[in-house]
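Colleague: Below you will find the structure I want to go over with you.
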Amino acid sequence: MTPILAEFLGTLLLIGTISYVGTPLAIGAALAVAAYFLGPISGGHFNPAVTLWAFLSNKVSPNRAMMHVAAQFLAAVSIFALKAAM
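Sequential numbering of the sequence shown, starting at 9, is according to our numbering.
Pasting the structure below:
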């Protein structure tokens, strides 16, 4: 699995949990599951603010940061399109 796909899936899980369930325990559990399973692959950002921090701290390259943010935004748009279709 590529890091970009891992970011997409982790963000999809996190935003899906926020939009469908919304309880703090479920959100924390979703983030923990995403970080545990996908974090070693992608770095476990799952949030553009975290990716921006990693970029500003020189932990990721500009190209990788842009790809992560694009995957995160695409995941957020996908989950809201799915929710609107239901």
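We put the CB at the ideal spot given by N, CA and C, even for glycine.
Since the structure is predicted, the reported quantities are computational estimates derived from the model, not experimental observations.
1) How many angstroms separate the CA atom of P48 from the CA atom of L33?
2) Looking at F63 and G18, is the spacing between their C-beta atoms short of 8 Å?
3) Would you mind stating whether S65 and E15 have Cβ atoms separated by less than 8 Å?
4) Reducing DSSP to helix, strand and coil, say where G18 ends up.
5) Starting from V41 and walking both ways along the alpha helix (DSSP H), at which residues does that stretch end?
Modeller: According to the structure data:
1) 23 Å
2) no
3) no
4) helix
5) P32 to S50
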